[in-house]
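Student: So the protein sequences, as listed, match chains A and B.
According to our numbering, the first sequence is numbered sequentially starting from 4.
According to our numbering, the second sequence is numbered sequentially starting from 19.
Structure incoming, see below.
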Amino acid sequence: MRQFFPVQDLARDERFVQTNMAERMADARTALDPEKKSKKSRGSSNRITPERHDASDAARGLMHGIMVGEIQALEGAGRTAHDFEAGDGSGDTIPFELKLDMARQAWDEARHVEISAKLSDWMGTELGQFAENTVLFQAACSDDPVLRLAGVNRALEGLAIDVFTQMKEFGNLAGDPYLAFCEDWMLADEVTHVKMGSDWLRKVTEKDPERRAKALEFQQVVDKLFSFGGARGDSEESPIGLARRFRELAGFTDGEVDKIAEMDHDAFEERMAAVRLAQEAAGASPAPA
Amino acid sequence: MADAPATTTVTVTPEEFHFVKYEASAIAAVVAELAELLGVTNPVHVVVDETTPLAKMSAEVGGTSSDATITIRAESGALEDTQHLTHFSADSARGALGRMMLRARDRLRPDFADTPGDLDLSLTENAAWDTYCAGRLARIGLPVNQQRFRYNHRNRFGFSDAVDAHFARLWAADDLGWADLCE
Numbered sequence: 004m005r006q007f008f009p010v011q012d013l014a015r016d017e018r019f020v021q022t023n024m025a026e027r028m029a030d031a032r033t034a035l036d037p038e039k040k041s042k043k044s045r046g047s048s049n050r051i052t053p054e055r056h057d058a059s060d061a062a063r064g065l066m067h068g069i070m071v072g073e074i075q076a077l078e079g080a081g082r083t084a085h086d087f088e089a090g091d092g093s094g095d096t097i098p099f100e101l102k103l104d105m106a107r108q109a110w111d112e113a114r115h116v117e118i119s120a121k122l123s124d125w126m127g128t129e130l131g132q133f134a135e136n137t138v139l140f141q142a143a144c145s146d147d148p149v150l151r152l153a154g155v156n157r158a159l160e161g162l163a164i165d166v167f168t169q170m171k172e173f174g175n176l177a178g179d180p181y182l183a184f185c186e187d188w189m190l191a192d193e194v195t196h197v198k199m200g201s202d203w204l205r206k207v208t209e210k211d212p213e214r215r216a217k218a219l220e221f222q223q224v225v226d227k228l229f230s231f232g233g234a235r236g237d238s239e240e241s242p243i244g245l246a247r248r249f250r251e252l253a254g255f256t257d258g259e260v261d262k263i264a265e266m267d268h269d270a271f272e273e274r275m276a277a278v279r280l281a282q283e284a285a286g287a288s289p290a291p292a
Numbered sequence: 019m020a021d022a023p024a025t026t027t028v029t030v031t032p033e034e035f036h037f038v039k040y041e042a043s044a045i046a047a048v049v050a051e052l053a054e055l056l057g058v059t060n061p062v063h064v065v066v067d068e069t070t071p072l073a074k075m076s077a078e079v080g081g082t083s084s085d086a087t088i089t090i091r092a093e094s095g096a097l098e099d100t101q102h103l104t105h106f107s108a109d110s111a112r113g114a115l116g117r118m119m120l121r122a123r124d125r126l127r128p129d130f131a132d133t134p135g136d137l138d139l140s141l142t143e144n145a146a147w148d149t150y151c152a153g154r155l156a157r158i159g160l161p162v163n164q165q166r167f168r169y170n171h172r173n174r175f176g177f178s179d180a181v182d183a184h185f186a187r188l189w190a191a192d193d194l195g196w197a198d199l200c201e
């Protein structure tokens, strides 16, 4: 069976359309209006809560993002179990027990795909209705398994902890009997996946501080990508909050979570500056709906 | 032989888009098609806020006569192809603008005279009216995902059999007044 599978070769049927971060970053629109901070303005908060006028559609879009993320996480964990030979963790090898953990994660992700697809159906979304961002699988394409652990298990599965916590809260507040329940169960798995990443990263790089530093640097790059525009953080501008308690359970230090919050804040400011420039260039004056 | 329906005048602002790949003429064509389907003869002005990807919409009518202008305000996400961001989707536009045109048509009725402006509606009032509009669009043959509106209805009114029955009643209705919607 083929090893090291590039993102453009992912198998999808005709319902799915793929996109990437570059396309997303090229979109000069913003959901936020930093100049208009009135309480009634939708632009004053970006957090996904039932109080938002577009709550149902926002939750549907996020759930579809979760579903395609689960498909890619399944593909990524499966690849990591298969792409590297069993060994002591040096070079291109990974410990056999790490392979087993990746296989277990693939099994979890397969279950999550099914759950997310059913939840999407429950929420009135068709599979493939929204563009699929393939950034998760791209992070799982590194030649170094330790970078995959950092990029996928710690950065992206860490994001999943934040997203599932947000969706669980949404389900609880809206009184949705299935959403909160399903997200809670998947959240428990995600905490385990991040913990596996934290533990294996530490173990495999125990005698190789340079490799560990490189992996943590890669994790920050992926974290920064996912903080694009201030997508998740402690502030109300972030659609997704940081689930600090669950991140702590998964092996993140307070300092690491603070760093993500800081990156999110910087990314938000960068995005706002870019949006202002784009609006000036277009000579646009927003017409409030 | 029935008279041919009067042609609706449609204008779109802005005439040229910079943030999204929309064409004013494509939006106008969808509105004209909907006007014919829904029997709306009033002039329609569509104002698109292309600076935001959000999808809020509102409709207002400058009076109750057949020549009163219907103004529809839409954030760009309401007309967007969700598979190709920043691209226009005629199907999304038909669903979103269709609901707004039905709201405007409702507002021309005497039993909608006391209806608050779209931006002053509560979340539940909005959801009930959306259900009523989406059901009617589905019956004239537009592609509408009923479950999407059922989910929105449940989010606003609760997850129960009674709420589902309320949804089914509004979805199947064709001749409600504002008071019926708020029951």
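C-beta atoms are modelled at their ideal positions from N, C-alpha and C, and glycine is treated no differently.
Show which residues of chain B have a CB atom less than 8 Å away from the CB atom of A/G34.
Tutor: Here residue 34 of chain A refers to the residue found at position 31 of the first sequence. With the sequence shown as reference, residue 34 of chain A is identified as Ala, and Gly is not the correct amino acid for it. What A/A34 touches in chain B: T70, P71, L72.
Student: B/D67 to B/H36, Cα distance in whole Å?
Tutor: As a working note, residue 67 of chain B is residue 49 in the second sequence. As a working note, residue 36 of chain B is residue 18 in the second sequence. Rounded to whole angstroms, B/D67 to B/H36 spans 11 Å at the Cα level.
Student: From the beta carbon of A/A284, is the nearest beta carbon of chain B less than 9 Å away?
Tutor: On the first sequence, residue 284 of chain A is found 281 positions in, with the first residue counted as 1. Yes, A/A284 counts as interfacial toward chain B.
Student: What three-state label does DSSP hand B/S178 in the structure shown?
Tutor: As a working mapping, residue 178 of chain B is identified with position 160 in the second sequence. B/S178: coil per DSSP, three-state reduction.
Student: Please name the residue in A/A62, A/D267, A/D261 whose C-alpha comes closest to that of B/N173.
Tutor: Here residue 173 of chain B corresponds to residue number 155 of the second sequence, with the count starting at 1. Considering only alpha carbons, the answer is A/A62.
Student: Skipping 5 residues on each side, what residues in its chain have a beta carbon closer than 6 Å to that of A/R107?
Tutor: Taking the first sequence and counting its residues from 1, the one referred to as residue 107 of chain A is at position 104. No residues qualify anywhere along the chain.
Student: Decide if A/G233 is buried, meaning its Cβ has at least 16 other Cβ atoms within 10 Å, or exposed.
Tutor: Counting from 1 along the first sequence, the entry for residue 233 of chain A is found at position 230. Answer is buried; the Cβ neighbour count reaches 16.
Student: Strictly under 9 Å for the Cβ-Cβ distance: is A/F133 near chain B by that measure?
Tutor: What you label residue 133 of chain A is simply residue 130 of the first sequence in a count that begins at 1. By this cut-off, A/F133 is an interface position.
Student: Flag A/A177 as yes if its beta-carbon sits less than 9 Å from any beta-carbon of chain B, otherwise no.
Tutor: On the first sequence, residue 177 of chain A is found 174 positions in, with the first residue counted as 1. Judged by the 9 Å Cβ criterion, A/A177 is in contact with chain B.
Student: I'd like to confirm the pairing. Which residues does DSSP put opposite A/N136 in its beta bridges?
Tutor: Along the first sequence, read from residue 1 onward, the residue named residue 136 of chain A stands at position 133. DSSP, once it has assigned bridges, lists A/T22 as partnering A/N136.
Student: Step through the CB atoms of chain B and report whether any lies within less than 9 Å of the CB of A/P180.
Tutor: Walking along the first sequence from the start, residue 180 of chain A turns up at place 177. Chain B, which has a Cβ nearer than 9 Å to the Cβ of A/P180, makes this yes.
Student: Measuring only from the beta carbon, is A/A284 closer than 8 Å to any heavy atom that is part of the ligand MG?
Tutor: This structure does not include the ligand MG; it has no bound ligands of any sort.
Student: Would a check of beta-carbon distances place A/A14 closer than 9 Å to chain B?
Tutor: Start at 1 with the first residue of the first sequence, and residue 14 of chain A comes out as number 11. With 9 Å as the cut-off, A/A14 does not count as an interface residue toward chain B.
Student: What are the boundary residues of the alpha helix (DSSP H) that A/A120 is part of?
Tutor: Position 117 of the first sequence, counted from the first residue, corresponds to residue 120 of chain A. Here the alpha helix (DSSP H) through A/A120 covers 99-125.
Student: Quick check on the DSSP output: what are the complete beta strand (DSSP E) runs of length 3 or more inside the region 50-126 of chain B, in order along the chain?
Tutor: Correct list: 62-67, 75-79, 88-93.
Student: Thinking C-beta only, is A/D226 closer than 9 Å to A/L152?
Tutor: Here residue 152 of chain A refers to the residue found at position 149 of the first sequence. Here residue 226 of chain A refers to the residue found at position 223 of the first sequence. No.
Student: Are B/L141 and B/G113 touching if we call contact CB-CB under 9 Å?
Tutor: Reading the second sequence from its first residue, position 123 is the one you call residue 141 of chain B. Reading the second sequence from its first residue, position 95 is the one you call residue 113 of chain B. It is not a contact, given that the beta carbons lie outside the stated cut-off.
Student: Run through the DSSP bridge pairs and tell me what A/G1 is partnered with.
Tutor: Here chain A has residues from 4 to 292 only, and residue 1 of chain A is not among them.
Student: Buried or exposed: where does B/K39 fall if 16 or more other Cβ atoms within 10 Å of its Cβ makes it buried?
Tutor: In the second sequence, the residue the question calls residue 39 of chain B occupies position 21. Answer is exposed; the Cβ neighbour count stays below 16.
Student: How close, in whole Å, do the beta carbons of A/M66 and A/M126 come, if the pair is a contact with beta carbons under 8 Å?
Tutor: On the first sequence, residue 66 of chain A is found 63 positions in, with the first residue counted as 1. On the first sequence, residue 126 of chain A is found 123 positions in, with the first residue counted as 1. About 6 Å separates the two Cβ atoms, so the contact holds.
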